[in-house]
Structures are given as structure tokens and as C-alpha cells.
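Below is one structure, written out as C-alpha cells; the observations come after it.
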Amino acid sequence: MRRALEHARRGLGRTTPNPVVGACVVSDDGVVVGQGAHERAGEPHAEIVALEEAGGLARGATLYCTLEPCVHVGRTGPCTERVIAAGIRRVVAAMEDPDPRVQGRGFAALRAGGIEVETGVGYEAAVRLNQPFLTTTREGRPFVILKAATSLDGHIAARPGERTPLSSAPALRHAQYVRAWVDAVGVGSGTILVDDPLLTVREVYRERPLTRVVFDRRLRTPAGARLLTTLAAGPVIIVTVPERATSAQAEALGRAGATVVPAAGPSLAEALVSLPALGVQSLVLEGGARVHGAAWDGRLADCVQLYVSPVEVGPAGVPLLEGRRFSTASLIERRVEQLGPDVLIEGYVHRPD
Numbered sequence: 037m038r039r040a041l042e043h044a045r046r047g048l049g050r051t052t053p054n055p056v057v058g059a060c061v062v063s064d065d066g067v068v069v070g071q072g073a074h075e076r077a078g079e080p081h082a083e084i085v086a087l088e089e090a091g092g093l094a095r096g097a098t099l100y101c102t103l104e105p106c107v108h109v110g111r112t113g114p115c116t117e118r119v120i121a122a123g124i125r126r127v128v129a130a131m132e133d134p135d136p137r138v139q140g141r142g143f144a145a146l147r148a149g150g151i152e153v154e155t156g157v158g159y160e161a162a163v164r165l166n167q168p169f170l171t172t173t174r175e176g177r178p179f180v181i182l183k184a185a186t187s188l189d190g191h192i193a194a195r196p197g198e199r200t201p202l203s204s205a206p207a208l209r210h211a212q213y214v215r216a217w218v219d220a221v222g223v224g225s226g227t228i229l230v231d232d233p234l235l236t237v238r239e240v241y242r243e244r245p246l247t248r249v250v251f252d253r254r255l256r257t258p259a260g261a262r263l264l265t266t267l268a269a270g271p272v273i274i275v276t277v278p279e280r281a282t283s284a285q286a287e288a289l290g291r292a293g294a295t296v297v298p299a300a301g302p303s304l305a306e307a308l309v310s311l312p313a314l315g316v317q318s319l320v321l322e323g324g325a326r327v328h329g330a331a332w333d334g335r336l337a338d339c340v341q342l343y344v345s346p347v348e349v350g351p352a353g354v355p356l357l358e359g360r361r362f363s364t365a366s367l368i369e370r371r372v373e374q375l376g377p378d379v380l381i382e383g384y385v386h387r388p389d
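For any residue, its number in my numbering is found by taking its place in the sequence shown, counting from 1, and adding 36.
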């Protein structure tokens with residue numbers, strides 16, 4: 037199962053809207069005779085890759101997979117039929133697939149085909165790998181990583197509306213690695229007006245275009261914003277309220293290449309539920325203060341990543357999550373890493389399940 041999980045990791049940042057899945061076929065004497073991963077949506081599932089590599093050696097063997105094999109017809113056929121036809125004797129799966137089209141039906145089909153099924157092996161690791169898929173399937177919104185660069189005294193800017201670079205080169209490079217595997221980066225319109233960022237992936241390889249999302253109820257994003265000059269790097273989605281989506285400014289942004297999306301309402305929660313249909317299951321929420329606050333107040337942040345710089349901004353600075361109860365000590369599976377002079381503190385807001 038550990039080997040299957042390592043294969044599954046190969047799909048990070050590549051398989052949306054599908055989950056990341058790995059599989060291994062193991063003979064009775066413990067030899068791995070087939071293995072593989074689901075590489076991209078529309079391509080063969082991990083179980084099929086492993087079975088094809090195993091060939092005739094799959095008969096009587098055990099299939100280890102990180103997720104319940106599918107039983108429905110999508111862009112590929114049901115994996116359960118291929119598993120049964122290959123003569124697999126036993127399937128060991130890390131977890132059930134919460135997709136309503138599967139959700140235990142895959143296991144039932146395997147058992148009906150005479151295959152022994154065992155579940156729960158490697159469950160926690162499989163859950164952590166597929167947090168974006170699980171969150172989107174269960175809650176209808178992306179998995180949200182609340183990311184901020186802060187000073188030692190807990191501020192994200194020297195003053196309201198003032199661009200304040202804090203992170204060192206190693207911290208910035210780490211943040212680029214995170215951008216390499218998520219589906220999207222999100223900011224509020226205030227960040228666009230103050231920082232005019234590109235929000236692209238730099239210095240690291242990313243296979244798929246990176247979606248950039250601007251949460252902009254008042255539609256303040258200028259058509260000349262720098263991120264609209266980088267559409268080759270990925271689409272720009274501007275989420276606004278319905279009454280703004282048909283305005284002259286929306287038309288100007290559309291001509292500049294942005295996709296203006298009307299949310300169901302003004303809240304961040306209502307904005308987030310519009311994103312999975314646009315291919316976004318994981319989102320790094322980079323700011324600013326209002327968007328971070330809305331995510332925290334709405335219990336929409338699933339994970340926190342703080343890049344803490346060894347400088348103090350002073351009392352005039354803009355605090356992270358001002359007036360809210362927040363402490364990195366309360367993060368679940370909290371991890372601390374030195375990045376040059378900076379320190380990364382990250383962890384889950386609630387226990388993954």
C-alpha cells in the first residue's frame with residue numbers, strides 16, 4: 037500500500053477533477069508484478085495501468101489500490117469489470133470513494149464477482165492525499181489553504197493598502213512549489229489594487245495551467261491588471277455578485293481575457309461553490325486581510341500555511357486575522373520548517389477525514 041500511495045502522489049496537480057490514485061498488483065509470493073498511477077483525467081485509472089503491466093500474472097494476485105475501484109462509466113470504463121476479468125483474487129483498498137456514483141458499489145461489485153475485499157489499509161495517508169477531491173465531493177467547494185506571509189509580530193503589511201514584501205527567497209520558492217500542485221491561487225480585489233500581482237508559477241515546473249481567481253464583489257479589478265497579461269499561464273476568473281456580472285466593467289474585463297463569474301450571493305462561501313465546475317478543487321488563498329477574515333469566519337479554511345519572517349512591523353501594521361481567535365498552536369498535525377531566515381508553520385484547521 038505504501039508503494040501504491042507513492043504512485044498516487046505522481047498525480048498531484050494533474051488529475052482534477054479526478055482523485056489521485058495509485059495501485060499495485062502483488063503475486064502470492066510477494067512480488068510486485070504491476071503498478072501505476074492515474075496520471076491525468078481521461079487517461080486510464082491506476083488499477084488499469086497496474087493490471088496491464090501485470091498481464092497474465094494478475095490471475096490469483098492481490099490488487100492494492102488507494103481508492104475504491106470505480107463501477108460507473110465516465111471517460112473510461114468501470115475498473116471493477118477489468119479487475120474481475122483479470123482474475124484478481126483479493127483487493128485491498130485504502131478507502132471508499134465518496135463519489136455518489138461509486139460509494140461502496142465498487143466493493144459490492146467486486147465481492148459479487150467472487151473477490152475478497154479488505155479496506156482501511158493506509159486510510160489516513162490516502163485521505164491526506166485526496167483532501168481536494170474529498171472536500172469538493174462532500175462540500176461542493178474547493179479545499180482551501182489559507183496562506184500568508186507575516187512578520188514576527190503577526191502582521192501581513194506595514195499599513196493598510198501598503199505593499200510590504202516580507203518573505204525571503206527560500207520562502208518564496210517554497211510557495212512556488214505549492215502553486216505547482218494546486219488548481220488555483222485566489223486573492224481579493226484589494227490585493228490586485230495594492231500589489232498588482234502576476235500570480236503565476238515561476239522557477240518550478242507545473243504541467244497544467246494555473247487558474248487565478250479574484251474575489252471581487254464590487255468588481256474593482258482594472259482591465260489593465262498585470263495578471264491579465266499572463267493568460268498563457270492559465271485562466272483568470274473574477275467572481276463577483278450577479279448584478280455586477282453584466283456591468284460595463286465586466287464587459288471590459290471580458291475583453292481583456294478574464295472570465296467573469298456571477299456567484300450565487302455576496303459571501304465567500306457562495307463564491308467558492310462556483311469554482312469546482314471551473315476545474316478548481318484546491319485553492320491557495322493568498323489574501324488580503326478581508327478575504328482571509330471571511331474564510332476564517334465562514335469556517336472555509338481547511339489548512340493554514342504561514343511564512344514567518346524575522347522582522348517586526350510595529351503597532352501600525354495590519355494583523356493576520358485581526359480580532360479573531362487564531363493560534364498556530366491549535367493547528368492539527370502542525371509542522372514547522374526553516375526556510376532560510378524564515379519559518380514555515382503549517383497544519384490542518386480540522387482533522388482530515
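Virtual Cβ for every residue (Gly too), placed ideally from N, Cα, C.
- Listed in chain order, the non-local C-beta contacts of ALA268 below 6 Å within the same chain number zero, local neighbours out to five positions each way being set aside.
- Look at TYR159 here: in three-state DSSP terms it is helix.
- DSSP places VAL327 in the helix class (H, G or I) of the three-state scheme.
- Going by C-alpha positions, ALA144 is about 43 Å away from ILE274.
- Close CB contacts of ILE192 within its chain, under the 6 Å cut and outside five residues either way in sequence, are with ALA184, THR186, VAL354, LEU356 (chain order).
- Of ILE368, ILE381, PRO351, the smallest CA-CA separation from ALA194 is found for PRO351.
- In this structure ASP389 is not in contact with VAL56, their Cβ atoms being roughly 17 Å apart against a cut-off of 8 Å.
- Take the alpha-carbon of SER345 and the one of ASP378: they are about 5 Å apart.
- Looking from the CA of THR155, the closest CA among GLY149, ALA130, THR172 belongs to ALA130.
- When C-alpha distances from ALA300 are compared across GLY197, GLY293, GLY315, ALA281, the shortest belongs to ALA281.
- With a beta-carbon spacing of about 6 Å, LEU146 and THR116 fall inside the 8 Å limit used to define contacts.
- The continuous stretches of alpha helix (DSSP H) do not include ALA129, which lies in the beta strand (DSSP E) extending over residues 126-129.
- Between ARG262 and LEU289, the CB-CB gap reaches or exceeds 7 Å.
- In the three-state reduction of the DSSP assignment, TYR384 falls in the strand class, which pools E and B.
- Inter-residue distance for GLY70 and GLU198 is about 56 Å (C-alpha atoms, whole angstroms).
- Annotated three-state conformation of ILE151 is coil, per DSSP.
- Bounds of the alpha helix (DSSP H) holding GLU88 are 82-90.
- For CYS60, the enclosing beta strand (DSSP E) has its first and last residue at 58-62.
- Between SER310 and VAL297, the C-beta gap is smaller than 7 Å, which places the two residues in contact.
- Between VAL223 and GLY96 a beta carbon distance of about 54 Å is seen, past the 8 Å cut, so the two are scored as non-contacting.
- As the crow flies, the alpha-carbon of HIS328 is around 23 Å from that of THR295.
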